[in-house]
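To start, the structure under review is shown below, and the notes come after it.
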């Protein structure tokens, strides 16, 4: 099953992650994001160097890029929510903590495969979308689109990290992601 609303007998919390209170996890995710930003901007610069002599700051393009970044962040979370619903989620809530936006559910527990699909859906969908736009408009909107693409990939650092952690479990697990924290549940064996 992709999604359940009650844990099976014997399943208990085995790990919890919270980006607001867990400093180690926050550090790991932010370092991953910074590394992704640096590498991706370096690649973008190698592909098409920034020619400062020819750059004319276009206020309209700057404003539209800023608006597009905000719209993208909303669409990123909607993508998580839509996939949650598609995989059987009963209740998806959206919010903003001041640090980041989120989509989550307090009532739903997702299998590992379903959760990885939920976590990585925005990365896959929006990377493809911005890549197509870059192919079509690389001559005129390269740097605004690169900013969107890098924000997309770097902004998925938390999703990538949690997917990696979930993928390491070999036994059956379920994940509840409230948007504020991620809790992994599995069978606890008596020692």
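Numbering (the working numbering), first residue to last: 1340 to 1530. Think of the CB as a built atom: it goes at the ideal place given N, C-alpha and C, for glycine as much as any other residue. Keep in mind that this is a model prediction, so the values were computed, not measured.
DSSP has residue i in a bridge; who is on the other side?
i: residue 1521; result: 1356, 1516
i: residue 1376; result: According to DSSP, which records beta bridges pairwise, residue 1376 is partnered with nothing at all.
i: residue 1540; result: Because the chain in this structure spans residues 1340 to 1530, residue 1540 falls outside the shown range and cannot be described.
i: residue 1468; result: Answer by DSSP bridge pairing: none, since residue 1468 is not bridged.
Of the choices the options, whose alpha-carbon is the least far from that of residue i?
i: residue 1490; options: 1371, 1361, 1360, 1349; result: 1371
i: residue 1403; options: 1480, 1423, 1448; result: 1480
i: residue 1360; options: 1436, 1351, 1350, 1348; result: 1436
i: residue 1527; options: 1470, 1351, 1383; result: 1351
i: residue 1500; options: 1486, 1521, 1483, 1487; result: 1521
i: residue 1434; options: 1358, 1509, 1476, 1413; result: 1413
Go ahead and label residue i buried or exposed: buried means 16 or more other beta carbons lie within 10 angstroms of its beta carbon, across all protein chains shown.
i: residue 1364; result: buried
i: residue 1523; result: buried
i: residue 1461; result: buried
i: residue 1419; result: buried
i: residue 1392; result: For residue 1392, the predicted model reports a pLDDT of 49, less than 50, meaning its position is unreliable; a value from the coordinates is still stated below. With fewer than 16 other Cβ atoms within 10 Å, it is exposed.
i: residue 1283; result: Here the chain has residues from 1340 to 1530 only, and residue 1283 is not among them.
i: residue 1457; result: buried
i: residue 1406; result: exposed
Looking at chain B, is there any beta carbon in it that lies within less than 8 angstroms of the beta carbon of residue i?
i: residue 1497; result: The chain labelled as chain B is not found in the depicted structure, where only one protein chain is given.
Check for me: the beta strand (DSSP E) holding residue i runs from which residue to which?
i: residue 1328; result: For residue 1328 there is no data in the structure shown, the boundaries of the chain being 1340 and 1530.
i: residue 1553; result: Missing from the structure shown is residue 1553; the chain here goes from 1340 to 1530 and no further.
How is the alpha helix (DSSP H) around residue i delimited, first residue to last?
i: residue 1441; result: Taken as a continuous stretch (DSSP letters only), residue 1441 belongs to no alpha helix (DSSP H), being part of the beta strand (DSSP E) at 1440-1443.
i: residue 1416; result: 1398-1425
i: residue 1508; result: Counting along the chain, residue 1508 falls outside any alpha helix (DSSP H), and DSSP gives it neither H nor E.
Going by the beta-carbon positions, is the gap between residue i and residue j smaller than 8 angstroms?
i: residue 1430; j: residue 1444; result: yes
i: residue 1514; j: residue 1448; result: yes
i: residue 1484; j: residue 1472; result: yes
i: residue 1426; j: residue 1341; result: yes
i: residue 1440; j: residue 1416; result: yes
May I ask whether a heavy atom of the ligand ATP can be found less than 7 angstroms away from the beta carbon of residue i?
i: residue 1411; result: Summarising the ligand content, the structure contains no ligands, and the ligand ATP is consequently not present.
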